[in-house]
Amino acid sequence: RDADLLQFVDVYLQNPGLLSKNLHDRIEAFDTKSKIDRAKAILKGELHARHIDTVTAVPHYNV
6 RDADLLQFVD VYLQNPGLLS KNLHDRIEAF DTKSKIDRAK AILKGELHAR HIDTVTAVPH
66 YNV
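In structure tokens:
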């Protein structure tokens, strides 16, 4: 089921920011220590939201 994740583990260990949020979360699901560390960082206010692209124009439609 999760065999496709094996190809991304090396990238995750070297630079996890390169992976999509979906892959990042699926890999972290195997490591409970990282979940605990992430929860602690959120509670301490050390972890900020992931970068959100606000430069790209959002199309608006007239109704």
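Mind the numbering: the sequence shown is residues 6 to 68 in this note's numbering, read in order.
Built from N, CA and C at the ideal position, the CB exists for glycine as well.
Spatial distance of Gly50 from Arg43 (CA atoms): 10 Å
CB-CB length for Leu24 against Tyr17, believed under 8 Å: 6 Å
Bounding residues of the alpha helix (DSSP H) (the contiguous stretch that carries Asn27): 26-33
Backbone CA spacing between Lys45 and Pro64 [nearest angstrom]: 38 Å
Whole-Å CB distance - Lys40 paired with Glu33, under 8 Å assumed: 6 Å
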